[in-house]
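Taking it in order: structure first as structure tokens, then the write-up.
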Amino acid sequence: MSKLEKIILKNHLCVGCGLCESLGAEEGITMEFSDEGFLRPKLKQSISKRLDEQIFSVCPGRTLESETPESEQHLYWGPIKTSYTGYAIDTDARYAGSSGGGLSAILIHMLESGKADVVIQTTASEVNPVINATVLSTTKDAVIKSAGSRYAPAAPLVNVIQVLEQYDRVVIVGKPCDIAGVTNLLRKHPELENRVVLKLAFMCGGTPSQFGTDEILSRLDVKHDELASFRYRGEGWPGNVQALTTEGRLETMSYPVSWGEILTHKVQPRCKICADATGVFSDITFADAWYDDGGGMPSFDEQDGRSLVLARTDRGQGIVEEAVAADAIYTEGLAVEEIAKMQPYHVLRKQFVMSRLMALRCCFRPIPSYRYLRLLEAARKVGLKQNFKNFLGMIKRVLLKRA
Numbered sequence: 024m025s026k027l028e029k030i031i032l033k034n035h036l037c038v039g040c041g042l043c044e045s046l047g048a049e050e051g052i053t054m055e056f057s058d059e060g061f062l063r064p065k066l067k068q069s070i071s072k073r074l075d076e077q078i079f080s081v082c083p084g085r086t087l088e089s090e091t092p093e094s095e096q097h098l099y100w101g102p103i104k105t106s107y108t109g110y111a112i113d114t115d116a117r118y119a120g121s122s123g124g125g126l127s128a129i130l131i132h133m134l135e136s137g138k139a140d141v142v143i144q145t146t147a148s149e150v151n152p153v154i155n156a157t158v159l160s161t162t163k164d165a166v167i168k169s170a171g172s173r174y175a176p177a178a179p180l181v182n183v184i185q186v187l188e189q190y191d192r193v194v195i196v197g198k199p200c201d202i203a204g205v206t207n208l209l210r211k212h213p214e215l216e217n218r219v220v221l222k223l224a225f226m227c228g229g230t231p232s233q234f235g236t237d238e239i240l241s242r243l244d245v246k247h248d249e250l251a252s253f254r255y256r257g258e259g260w261p262g263n264v265q266a267l268t269t270e271g272r273l274e275t276m277s278y279p280v281s282w283g284e285i286l287t288h289k290v291q292p293r294c295k296i297c298a299d300a301t302g303v304f305s306d307i308t309f310a311d312a313w314y315d316d317g318g319g320m321p322s323f324d325e326q327d328g329r330s331l332v333l334a335r336t337d338r339g340q341g342i343v344e345e346a347v348a349a350d351a352i353y354t355e356g357l358a359v360e361e362i363a364k365m366q367p368y369h370v371l372r373k374q375f376v377m378s379r380l381m382a383l384r385c386c387f388r389p390i391p392s393y394r395y396l397r398l399l400e401a402a403r404k405v406g407l408k409q410n411f412k413n414f415l416g417m418i419k420r421v422l423l424k425r426a
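Just so you know, we're using our numbering here: the sequence shown kicks off at 24 and counts up by one.
Structure follows, in structure tokens:
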């Protein structure tokens, strides 16, 4: 049995990014839905030892190792050159985006300025609007069409090597684990590095099972075969779920219900021990720059979208500055200390990783290789009681899974 099967898949370390399909295209690996509703590599045959080692060495579900010295990383947010709030100047991009259209604005700037030939990103499938598809965008219209969060399994790296071999200047958009996978790949294949001109990530609360979307549709009393289109967010901020039927009936659900009550409880196991939900391997990370609700928590009242923009590298900072000068994006400087007020849950996520990893170790489960991500320091910030609670919670999950 391959390491991919024995270690990564059997122990739920797979993040579903699709990188193994790109690496294993000649040996028939494809990404397909598992019985749990997640995208997982399907092996049509026994794969070669060479391919197995290749996959194992770059899989972001198994390895996350930062090359930025820990002294240059924020405890929770990783490396940051500059931090901003802002939004897309283009009103269509701002309206379509889930959080102010900042990410879309940068993509449009990259394409229209000639700095990029193509963007790898995720959008709704043309065949089934609740399923995600990986697309190559080359125009502003294509970028805006793909704007908005997609809270379902997505595998943007299914053909990343093939795209990098075809195009000279590629922008890659993905979840933090997707961007970590690209980073791992480029470390092993430096000949491809110059072809990735920008890596963009968005902060992630975890990948929900496709069954989470099924539950949303059930609550809305909409059947799959009735759907003409489906949005998780966007067209407002935070934006509602929108299920439009072929007969013109529009059913909606608020973000606090769709994400807070349904989808967040259906994320894949690997996300429970994620050490990078904030995109530390990207050039620029985007997120919702939530306003305070008056009680110290994010407000989800509908209003004009606002993006949180973290430039992590010199390249990323330079692109943001160029986009501002080109009137593609509006930004205001933001003190790093303010980020936790906008994204408090990501502070907690980082604090609890170490205790959960220790629980898996006690259960003789393999865990990812995390290096230079300041996990122990983050765990110390939350205290013994909360760490022990999370430790026991993970032990309970393992025992229930065995049962």
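Using N, Cα and C, we set each Cβ at its ideal position, and we do this for glycine too.
Check this for me: beta carbons of residue i and residue j, under 9 Å apart or not?
i    : j    : result
E238 : I285 : yes
L396 : G204 : no
I202 : S305 : yes
P199 : G302 : yes
V81  : I143 : no
M226 : T308 : yes
R372 : N34  : no
Y255 : R173 : yes
F79  : I31  : yes
P176 : G51  : no
S277 : A266 : no
L62  : M54  : yes
K67  : G339 : no
I352 : V359 : no
E76  : K26  : yes
L126 : A165 : no
V421 : L398 : no
P391 : G84  : yes
P264 : L250 : One point to set straight first is that residue 264 is Val, not Pro, in the sequence displayed. Going by C-beta atoms, V264 is not nearer than 9 Å to L250.
L209 : E216 : yes
L383 : Y393 : no
G123 : A402 : no
A128 : A363 : no
Tell me whether residue i is buried or exposed, calling it buried when 16 or more other Cβ atoms sit within 10 Å of its Cβ.
i    : result
H247 : exposed
D299 : buried
P92  : exposed
V38  : buried
A426 : Confidence at A426 is low in this model, with a pLDDT of 49, below 50, so its placement is unreliable and the value that follows should be read with caution. That one is exposed.
H369 : buried
M417 : buried
M24  : exposed
F411 : exposed
E188 : exposed
V194 : buried
Look up residue i in the DSSP assignment and give the residues it is bridged to.
i    : result
N155 : A147
Y393 : L87
W260 : Q326
Q409 : BP columns for Q409 are empty, so no partner.
T268 : L250
D191 : In the DSSP output, where bridge partners are listed per residue, D191 has none listed.
K168 : In DSSP, K168 forms no bridge with anything.
A355 : The sequence shown places Glu at residue 355, not Ala. DSSP, once it has assigned bridges, lists T108 as partnering E355.
L32  : DSSP output for L32 lists no bridge partner at all.
S160 : V142
G197 : A224
P231 : V290
V219 : V193
Return yes when at least one heavy atom of the ligand SAM lies under 8 Å from the C-beta of residue i, else no.
i    : result
D201 : Annotation note on the ligand SAM: not contained in the displayed structure, which lists no ligands.
Would a check of beta-carbon distances place residue i closer than 9 Å to chain C?
i    : result
T268 : The structure shown has no chain C; it contains just one protein chain.
Review point. Hey, is the region 132–140 in contact with the region 106–122, meaning 3+ C-beta pairs nearer than 8 Å?
Key: no
Exercise for review: Determine contact between the region 223–233 and the region 283–302, defined as no fewer than three beta-carbon pairs at a distance below 8 Å.
Suggested key: yes
Check your understanding: Taking contact to mean at least 3 C-beta pairs separated by less than 8 Å, is the region 94–111 in contact with the region 330–346?
Key -> yes
Exercise for review: Spell out a yes or no on whether the region 248–260 and the region 316–328 are touching, meaning 3 or more CB-CB pairs, one atom from each, closer than 8 Å.
Suggested key: yes
Practice item. Within the region 35–100, note down every full alpha helix (DSSP H) run reaching 4 residues or more, in order along the chain. Key: 42–46, 72–81
**Study point:** Inter-stretch contact (C-beta, 8 Å, three-pair minimum) for the region 150–167 and the region 177–191
**Key:** yes
Review point. Which parts of the region 274–341 are runs of the beta strand (DSSP E), unbroken and 3 residues or longer, counting only runs that do not cross its ends?
Key: 307–311, 330–334
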